[in-house]
Amino acid sequence: MTITVLTPTGTLGYGFGKEALKRGMTLKPDVIAVDAGSTDPGPAYLGSAEPLCARRVIKLELEQLIAASRAAGIPLIIGSAGGSGRGALVDWMADIAREIARQSRQSFKLARIYSDIEPDRVTEALSNNEVKDFEAGFELSKSDVEQSTAIVAQMGWEPIAQALAEDADVIIAGRACDDLAIAAYPIAHNGDIALATHMGKVLECGAFSAEPFAMDVMMGFLNDDHFLLEPGSLNRIASLKSVAAHTLYEREDPFYQRGPGGAVNLTDCQFTTVGERQVRVSGATFEPDNEHWFKLEGARQVGYRSLCMGGIRCPTMIANLDELLEQAIEKTVGHFAPDNVHITFRPYGRDAVMAEMEPKRTGAPSEIGLLMDVTAETQELAHGACHFLSGHLLHVAYTGQVNTSGNLAFPYSPSDIDAGPVYEFSIYHLMKAKSAMELFDVQTEFVG
Numbered sequence: 431m432t433i434t435v436l437t438p439t440g441t442l443g444y445g446f447g448k449e450a451l452k453r454g455m456t457l458k459p460d461v462i463a464v465d466a467g468s469t470d471p472g473p474a475y476l477g478s479a480e481p482l483c484a485r486r487v488i489k490l491e492l493e494q495l496i497a498a499s500r501a502a503g504i505p506l507i508i509g510s511a512g513g514s515g516r517g518a519l520v521d522w523m524a525d526i527a528r529e530i531a532r533q534s535r536q537s538f539k540l541a542r543i544y545s546d547i548e549p550d551r552v553t554e555a556l557s558n559n560e561v562k563d564f565e566a567g568f569e570l571s572k573s574d575v576e577q578s579t580a581i582v583a584q585m586g587w588e589p590i591a592q593a594l595a596e597d598a599d600v601i602i603a604g605r606a607c608d609d610l611a612i613a614a615y616p617i618a619h620n621g622d623i624a625l626a627t628h629m630g631k632v633l634e635c636g637a638f639s640a641e642p643f644a645m646d647v648m649m650g651f652l653n654d655d656h657f658l659l660e661p662g663s664l665n666r667i668a669s670l671k672s673v674a675a676h677t678l679y680e681r682e683d684p685f686y687q688r689g690p691g692g693a694v695n696l697t698d699c700q701f702t703t704v705g706e707r708q709v710r711v712s713g714a715t716f717e718p719d720n721e722h723w724f725k726l727e728g729a730r731q732v733g734y735r736s737l738c739m740g741g742i743r744c745p746t747m748i749a750n751l752d753e754l755l756e757q758a759i760e761k762t763v764g765h766f767a768p769d770n771v772h773i774t775f776r777p778y779g780r781d782a783v784m785a786e787m788e789p790k791r792t793g794a795p796s797e798i799g800l801l802m803d804v805t806a807e808t809q810e811l812a813h814g815a816c817h818f819l820s821g822h823l824l825h826v827a828y829t830g831q832v833n834t835s836g837n838l839a840f841p842y843s844p845s846d847i848d849a850g851p852v853y854e855f856s857i858y859h860l861m862k863a864k865s866a867m868e869l870f871d872v873q874t875e876f877v878g
């Protein structure tokens, strides 16, 4: 038995080739499955319930995927709707799907899977010692939970399998493990869980596991003792390097791929080239957990941000920059005391990306793009402090200065840009649940 999965792109909203999708559909997939989110863009999308990608872009891609799946009579699965998978974004994407159904005069069964967690459920788990750190670096407290504007749990394959069992045609899931959103259909249809999850791991970024890599269509063919990978576009190939590299992608441990329900052991994994465009993968085994632990993600608002970008070309100012930036922070913070103002400088062209870890800081750059980042309790305070800070640096005097006409070149007017609320991850922990389904809510409806 072969189960064929088509993954159109690495993130819904990031694009894919129309011809690649067309060719992929000729290979008769059993399901179209795609991830739509990540914590990579940070906590703002979870905290604010704003979508990662624009509505127009999501609708354009959903129209193509719904049309393809309905024409073939196969389900479409979307994980981590809207970016963060927050319930409001499940509803947002479901509204787009309903609109597409009306406009295209199609009817189908739509499933919505919610992964939002009530704070009381987390505090209950805390009191029962059923919460542990994942990658947050701190023990979770009750105040962390209470300050969170949103909390989601990362589902495994089981809620999606329930939606499939209820004959859903289009499934829009909340926060989901990337691998298992892709692997859910094969596992629900008796595919080997280790191979399906490994295949899901490689497919979840679309054709990033191909050469040349891109946000594009990737196909997976799951068999009893192996799976095959092949790009949808004939302009790409799957290679040993590209597939093996993506197996190791975003993982500290090269041998274990951990997720809801257990770990995939990749110790005996083997990669073999098949023809000119495919790679065969085998050898993964599954080690199930005895308990149900799920990753929680929570976000809280910590203030407001204003930004200013200024260009510096004067070599004397660049040579004195560290001292001048320290003085600017001291001046601005002092001016607005006792109100709290936090300032971060990012000198692009010198060490903005790696900061103190930058190994090539010797030798003065010819110019610097100085990003001034100011956060405060209110937007008004952040804006005021940002303008004061940029104004100070614009006119500050320094040793060796030749002119006094202005030290910064502002590329924009207004130069100070309000970026709105600032969020941080308040929860990045594991919580024990009673079952694989306890934390998740599956709802279905007919649309069109």
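Residues in the sequence shown are numbered consecutively from 431, following our numbering. From the three backbone atoms N, C-alpha and C, an ideal C-beta is built for every residue, glycine too. Keep in mind the model is a prediction, meaning the values are calculated, not measured.
Here the region 860–872 does not lie against the region 572–579, with fewer than 3 beta-carbon pairs under 8 Å apart. By the criterion of a C-beta distance shorter than 7 Å, Val-673 is surrounded in its chain by Val-632, Ser-639, Leu-659, Phe-701, Val-709, Val-711, once the five residues flanking it on both sides are discounted.
Within the same chain, Asp-609, Leu-610, Ile-612, Ala-613 come within 7 Å of Gly-630 by CB-CB distance, once the 5 residues on both sides are set aside. DSSP places Gln-731 within a strand segment (E or B) once states are collapsed to three. For Thr-553, the enclosing alpha helix (DSSP H) covers residues 549–557. Judged by DSSP secondary structure, Ile-857 falls outside any alpha helix (DSSP H) and instead within the beta strand (DSSP E) spanning 846–863.
Between the alpha carbons of Glu-807 and Asp-769 lies a gap of roughly 8 Å. Linking Thr-792 to Pro-851 through their CA atoms gives a straight-line distance of about 36 Å. Here Lys-572 carries a helix assignment [DSSP, helix/strand/coil]. Its chain contains Ser-736, Gln-809, His-813 as the residues whose beta carbon lies nearer than 6 Å to that of Asp-848, once the 5 sequence neighbours on both sides are disregarded; these appear in chain order.
Judged by DSSP secondary structure, Ile-530 falls within the alpha helix (DSSP H) whose first and last residues are 517–534. In the three-state reduction of the DSSP assignment, Pro-589 falls in the helix class.
According to the DSSP assignment, Met-802 belongs to the beta strand (DSSP E) that extends over 798–806. Ile-488 sits in a helix when the DSSP states are folded into three classes. Shortest Cα-Cα distance from Ala-606 to any of Pro-459, Lys-761, Ile-759, Met-585 involves Met-585. Ser-672: member of the alpha helix (DSSP H) spanning 670–677, first to last residue. For the pair Phe-840 and Asp-683, the Cα-to-Cα distance works out to about 45 Å. When the Cα atoms are used, Asp-654 and Pro-616 turn out to be separated by approximately 11 Å. Contact check for Ser-663 against Gly-440 fails: the beta carbons are separated by 8 Å or more. Pairing Ser-845 with Leu-824, the inter-Cα distance amounts to about 12 Å.
Ranked by how close their Cα comes to the Cα of Pro-473, the residues Glu-875, Tyr-858, Ala-863 have Tyr-858 in first place. Contact between Tyr-828 and Gly-799 is absent: CB atoms are separated by about 19 Å, not below the 8 Å threshold. Within the same chain, Thr-805, Ala-806, Glu-807, Val-852 come within 6 Å of Gly-733 by CB-CB distance, once the 5 residues on both sides are set aside. Taking a 10 Å sphere around the C-beta of Ala-580, we find 16 or more other C-beta atoms and assign the residue as buried.
The distance from the Cβ of Ile-530 to that of Glu-491 is about 11 Å, inconsistent with a contact at the 8 Å cut-off. CA-CA distance, Thr-715 to Val-464, rounds to 24 Å. Judged by DSSP in its simplified three-state form, Tyr-615 adopts helix.
The residue among Cys-483, Thr-456, Gly-512 with its C-alpha nearest the C-alpha of Ala-501 is Thr-456. Fewer than three Cβ pairs drawn from the region 638–652 and the region 724–731 lie within less than 8 Å of each other, which leaves the two stretches out of contact. In the structure shown, the three-state DSSP call for Leu-442 is coil.
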